[in-house]
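Asks: Quick note: the sequence shown uses our numbering, first residue 476, plus one each step. From the three backbone atoms N, C-alpha and C, an ideal C-beta is built for every residue, glycine too.
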Amino acid sequence: MKISKLVLSVSLALGLSAAAQAAEIEVLHWWTSGGEAKSVAELKKMLEAKGHEWKDFAVAGGGGESAMTVLKTRVVSGNPPAAAQIKGPSIQEWGDEGVLANLDVIANAEGWDKLLPVVVADVMKYEGKYVAVPVNVHRVNWMWVNPEVFNKAGATVPTTWKEFFVAADKIKAAGMIPVAHGGQPWQDATMFESVVLGVGGAEFYKQAFVALDPEALNSATMIDALKTFHKIKDYTDVGSPGRDWNLATAMVINGEAGMQFMGDWAKGEFTAAGKVAGKDYICTAAPGTAGDFTFNIDSFVMFDLQDKELQKGQNDLASTILSPAFQEIFNLNKGSIPARLNMPMDKFDDCAKLSAKDFVSTAEADTLLPSMAHGMSTFSSTQGAIFDTVTEFYNSDSITAEEAAAKLVKAVAAAK
Ligand code: BGC
Numbered sequence: 476m477k478i479s480k481l482v483l484s485v486s487l488a489l490g491l492s493a494a495a496q497a498a499e500i501e502v503l504h505w506w507t508s509g510g511e512a513k514s515v516a517e518l519k520k521m522l523e524a525k526g527h528e529w530k531d532f533a534v535a536g537g538g539g540e541s542a543m544t545v546l547k548t549r550v551v552s553g554n555p556p557a558a559a560q561i562k563g564p565s566i567q568e569w570g571d572e573g574v575l576a577n578l579d580v581i582a583n584a585e586g587w588d589k590l591l592p593v594v595v596a597d598v599m600k601y602e603g604k605y606v607a608v609p610v611n612v613h614r615v616n617w618m619w620v621n622p623e624v625f626n627k628a629g630a631t632v633p634t635t636w637k638e639f640f641v642a643a644d645k646i647k648a649a650g651m652i653p654v655a656h657g658g659q660p661w662q663d664a665t666m667f668e669s670v671v672l673g674v675g676g677a678e679f680y681k682q683a684f685v686a687l688d689p690e691a692l693n694s695a696t697m698i699d700a701l702k703t704f705h706k707i708k709d710y711t712d713v714g715s716p717g718r719d720w721n722l723a724t725a726m727v728i729n730g731e732a733g734m735q736f737m738g739d740w741a742k743g744e745f746t747a748a749g750k751v752a753g754k755d756y757i758c759t760a761a762p763g764t765a766g767d768f769t770f771n772i773d774s775f776v777m778f779d780l781q782d783k784e785l786q787k788g789q790n791d792l793a794s795t796i797l798s799p800a801f802q803e804i805f806n807l808n809k810g811s812i813p814a815r816l817n818m819p820m821d822k823f824d825d826c827a828k829l830s831a832k833d834f835v836s837t838a839e840a841d842t843l844l845p846s847m848a849h850g851m852s853t854f855s856s857t858q859g860a861i862f863d864t865v866t867e868f869y870n871s872d873s874i875t876a877e878e879a880a881a882k883l884v885k886a887v888a889a890a891k
């Protein structure tokens, strides 16, 4: 009796201390839509299976602008979370602040250089050292189509912008909404970059959004793209201003609207709604962009924390993120493709298979392009300047495309 009591109290004490030692890993992200929440739940589950506690730090708002604002406040006040969803050139900005943890010990032990495509690995490093771990590769230049809406309207899925307006007219005439759009700056920019790519081609896209060449930004091609972009507005509904992206996706899912221009996180919504690619919905490249791939890689950085248990938790989180099991289940839910090389794709749908194939072929053809709208091609200040100009133009009936192009040059120059 005595002994069993002792055993009980000792094991209780051990249990308690083990619980107290389990690191509470606070993870900032902006994955709050149906498909996103299902995806991030898998990460939580896997981290918890390694004995850590997941402290959710979700800041709603597609595209992550709100999340980044909240994160800055936390870091400035000296209280960063353990991990945060940060991507693209912003990783360099955070690296410059000297607040990121060096992940090279785990990266070298696990051979990340061999597990990742170079284009992905490059984004994850600051001064040659891994400071971030990639979750996925999203493709942005997609158009999501409801085939029933097209059938009812007698419209054909467009592959050029000219065909797009023909189809949109037919859907409108049949009393349905051609384009489901959420009027928020990042969504305007998402649609805009696909138009720029479709109208101008990959080289032009690079000149404009990677090189930020004033001649490209204020060119006849850009003016053409701006006009095409603005014209799409005539095919959206009055409820579009301010609408969240996933609600716009829901309009395509339920047959209220025919199309949406959105990255393949939209597929996460179709999947969460039990819809099947190629049957209930069609994924196709935005008009004129079938040979191109605008990429958007989600990744997590770890902040430099002193606590050893937290550091262990961070390493376990990083290792989990790159594990084949996580890369598969997360991306099946999220709509993206794995960032890790040589992953079996048999469980993925045709959209993901096409994306995986195009990721490789566009890299070879030099038409694999960083998404401006998703923080892959510029620093955040430049991206913000482009967003402001694009959104102002989209929402105005008095600014001409010529004026908007000239404004783009000024805004980008002022942001540098
Ligand atoms: C992120 C995606 C996310 C989307 C909408 C993008 O910037 O990369 O992971 O699903 O925003 O929130």
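For Asn806, verify whether its CB is less than 7 Å away from any heavy atom of ligand 1.
Replies: Asn806 Cβ: outside cutoff for every heavy atom of ligand 1.
Asks: If we ignore side chains and look at the alpha-carbon of each, how far apart do Gln802 and Gly553 end up?
Replies: 32 Å
Asks: Determine which residues share a DSSP beta bridge with Pro845 and list them.
Replies: Phe770
Asks: Which complete alpha helix (DSSP H) runs does the region 529 to 574 hold, if anything under 4 residues is left out?
Replies: 540 to 551, 565 to 571
Asks: Where are the beta strand (DSSP E) runs, 3 residues long or more, that stay fully inside the region 721 to 751, in chain order?
Replies: 732 to 736
Asks: Sorted by chain position, which residues of the same chain lie with C-beta nearer than 6 Å to Val580's C-beta, five sequence neighbours on each side aside?
Replies: Closer than 6 Å at the Cβ level, and outside the excluded window around Val580, lies no residue.
Asks: Quick one: what's Cys924 bridged to in DSSP?
Replies: Nothing about residue 924 can be read from this structure; the chain reaches only from 476 to 891.
Asks: With distances taken Cα to Cα, identify the nearest neighbour of Gly657 among Gly650, Ala765, Val534, Gly538.
Replies: Ranking Gly650, Ala765, Val534, Gly538 by Cα distance to Gly657 puts Gly538 first.
Asks: Can Trp617 be considered in contact with ligand 1, in the sense that its beta carbon sits closer than 7 Å to one or more heavy atoms?
Replies: no
Asks: Touch check for the region 688 to 703 and the region 658 to 666: three-plus C-beta pairs under 8 Å?
Replies: Under the Cβ criterion (8 Å, minimum of three pairs), the region 688 to 703 does not count as touching the region 658 to 666.
Asks: Using the DSSP secondary-structure output, state which residues sit across from Ala815 in a beta bridge.
Replies: A small fix is needed here, since residue 815 is Arg in this sequence, not Ala. According to DSSP, Arg815 bridges with nothing at all.
Asks: What residues in its chain sit with their C-beta under 7 Å from that of Ala889, if we drop five residues either side in the sequence?
Replies: Ala860
Asks: Ligand 1 heavy atoms versus the CB of His656: any closer than 7 Å?
Replies: No, ligand 1 has no heavy atom inside 7 Å of this Cβ.
Asks: Using beta-carbon positions only, say whether Ala886 and Thr864 come within less than 8 Å of one another.
Replies: yes
Asks: Could you tell me whether the Cβ atoms of Leu701 and Phe868 are closer together than 8 Å?
Replies: Cβ atoms of Leu701 and Phe868: closer than 8 Å.
Asks: Report the option in Lys822, Gly603, Met521 whose CA atom is closest to the CA atom of Asn583.
Replies: It is Gly603 whose Cα lies nearest to the Cα of Asn583.
Asks: Given Ser514, which residues of its chain have a CB within under 7 Å of its CB, disregarding the five upstream and five downstream residues?
Replies: Trp506, Gly743, Phe805, Asn808, Lys809
Asks: Please report how far the alpha carbon of Glu878 lies from the alpha carbon of Ala695, in whole angstroms.
Replies: 12 Å
Asks: Take Glu678 as the anchor and find which of Thr769, Val751, Met651 has the nearest alpha-carbon.
Replies: Thr769
Asks: Going by CA-CA distance only, name the one from His613, Glu668, Phe823 that's closest to Gly753.
Replies: Phe823
Asks: Secondary structure at Asn611, three-state DSSP: helix, strand or coil?
Replies: If DSSP states are grouped into helix, strand and coil, Asn611 belongs with the strands.
Asks: Could you have a look at Lys891 and say whether DSSP puts it in helix, strand or coil?
Replies: coil
Asks: Would Phe625 pass as a contact of Val615 if the rule is Cβ separation under 8 Å?
Replies: no
Asks: Taking the alpha-carbon positions, what's the Lys520 to Lys589 distance?
Replies: Whole-angstrom Cα-Cα distance: 27 Å.
Asks: Looking only at its chain, what residues have a beta carbon closer than 6 Å to the beta carbon of Ile418, apart from the 5 residues adjacent to it on each side?
Replies: The displayed coordinates of the chain run from 476 to 891. Any statement about residue 418 would go beyond what the structure contains.
Asks: Mind checking whether the beta-carbon of Glu744 lies closer than 7 Å to any heavy atom of ligand 1?
Replies: no
Asks: Considering only the alpha carbon of each residue, which of Ser508, Tyr756, Ala876 lies closest to His705?
Replies: Ala876
Asks: Measure the alpha-carbon distance for Asn790 versus Thr634 and round it to whole angstroms.
Replies: 45 Å
Asks: Cα separation between Gly675 and Leu844?
Replies: 13 Å
Asks: Straight-line CA distance for Val612 to Leu797?
Replies: Going by the C-alpha atoms only, they are around 13 Å apart.
Asks: Any heavy atom of ligand 1 within a distance shorter than 7 Å of the CB on Glu511?
Replies: yes
Asks: Give the single residue among Leu518, Gly766, Ala725, Phe667 whose Cα lies nearest to the Cα of Glu839.
Replies: Gly766
Asks: By the 10 Å Cβ neighbour count, where 16 or more other Cβ atoms means buried, how is Lys645 classified, buried or exposed?
Replies: buried
Asks: Which residue marks the beginning of the alpha helix (DSSP H) containing Ile705, and which one marks its end?
Replies: A quick correction: the sequence has His, not Ile, at residue 705. In this chain, the alpha helix (DSSP H) harbouring His705 covers 695 to 707.
Asks: Pick out the complete alpha helix (DSSP H) segments inside the region 597 to 685, 4 residues or longer, and give them in chain order.
Replies: 622 to 628, 636 to 648, 660 to 680
Asks: In the DSSP assignment, the alpha helix (DSSP H) including Ile500 goes from what residue to what residue?
Replies: Boundaries for Ile500: no alpha helix (DSSP H) harbours it, while the beta strand (DSSP E) harbouring it runs 499 to 504, taken from the DSSP string.
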